[in-house]
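Asker: Take this structure, written in structure tokens, and hold onto it; I'll ask about it next.
Structure, rendered in structure tokens:
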């Protein structure tokens, strides 16, 4: 079982998330009643949908993580799962994403740029101590 499968299995038990096809067309997703929250693209690569405000608040911490890739202007962050600690990080971030999306008032949403980061990010494997 891959790390992404393990993470998805754990997240599927959360009552606020439902499973479906990823809106980008690649892989599976888990989402709330209003939004896709997480896309599982490969056995290691996951895109997480945060709000602009959440990314601004967490930017320094996210940018400092070797598991996270930020794309300027995107409300999605890419998480590369190399170890169990990355799975734990993803679960924590999914919890934050759910809370952040629930705090956004319903109505028209700013969707630019559209979609997750899957076709905009190339994640390279980590090298060095603790990698893999």
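Numbering (the working numbering), first residue to last: 9 to 140. From the three backbone atoms N, C-alpha and C, an ideal C-beta is built for every residue, glycine too. The structure presented is a predicted model; accordingly, all values stated were derived computationally and were not measured.
Using a 10 Å radius around the Cβ and a threshold of 16 neighbouring Cβ atoms, would you call residue 93 buried or exposed?
Answerer: That one is exposed.
Asker: Quick one: using the 10 Å Cβ neighbour count with 16 as the cut-off for buried, is residue 33 buried or exposed?
Answerer: Looking at its Cβ environment, which holds fewer than 16 other Cβ atoms inside 10 Å, residue 33 is exposed.
Asker: Measuring only the C-alpha atoms, how far is residue 121 from residue 11?
Answerer: A caution first: residue 121 carries a pLDDT of 47, below 50, which makes its placement in the model unreliable, though a value can still be read off. In a straight line, the C-alpha of residue 121 is about 28 angstroms away from that of residue 11.
Asker: Using the Cα positions of residue 77 and residue 101, report the straight-line distance between them to the nearest angstrom.
Answerer: Between residue 77 and residue 101, the C-alpha separation is close to 13 angstroms.
Asker: Hey, residue 85 and residue 70 are a contact pair by Cβ (cut 8 angstroms); roughly how many whole angstroms apart?
Answerer: The Cβ separation is near 6 angstroms, so the contact holds.
Asker: Just to confirm the assignment, what range does the beta strand (DSSP E) spanning residue 56 have?
Answerer: Counting along the chain, the beta strand (DSSP E) containing residue 56 begins and ends at 53-57.
Asker: Just how far apart, CA to CA, sit residue 23 and residue 15?
Answerer: Computed Cα separation, rounded: 15 angstroms.
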